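Student: The following block contains the structure, expressed as structure tokens.
In this note's numbering, the protein residues as written are 94 to 158.
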């Protein structure tokens, strides 16, 4: 399997990282909003994992290697 660093230019990689950071910010804002509104699916509070935030963090960590 090809590594992303081997198939994309540095500027393409930076665009992906930038997009992931923006996606993370958007999801953090959405999480903040549903928490502020008191939305509780099944009686539980939303968590970062419900918005895929930990997965984005792991992906960003891989791309920073």
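A virtual CB, placed ideally from N, CA and C, is assigned to each residue, including glycine.
Computed from a predicted model, the values in this text were never measured in an experiment.
With DSSP collapsed to three states, give me the class of residue 126.
Tutor: If you number the chain shown from 1, residue 126 lands on position 33. Helix, per DSSP.
Student: When you compare only the Cα positions, how much space is there between residue 157 and residue 94?
Tutor: Residue numbering aside, residue 157 sits at position 64 when the chain shown is read from its first letter. Residue numbering aside, residue 94 sits at position 1 when the chain shown is read from its first letter. Answer to the nearest angstrom: the Cα atoms are 18 Å apart.
Student: Rounded to the nearest angstrom, what separates residue 139 and residue 127 at their Cα positions?
Tutor: Along the chain shown, one-based indexing puts residue 139 at 46. Along the chain shown, one-based indexing puts residue 127 at 34. One C-alpha to the other measures close to 7 Å.
Student: Under the rule that 16 or more other beta-carbon atoms within 10 Å means buried, what is residue 142, buried or exposed?
Tutor: The count along the chain shown starts at 1 and reaches residue 142 at position 49. Exposed is the call here.
Student: Once DSSP output is grouped into helix, strand and coil, what is the label at residue 115?
Tutor: Taking the first residue of the chain shown as 1, we reach residue 115 at position 22. Helix.
Student: Count the other CB atoms within 10 Å of the CB of residue 137; is the residue buried (16 or more) or exposed (fewer)?
Tutor: Taking the first residue of the chain shown as 1, we reach residue 137 at position 44. Exposed.
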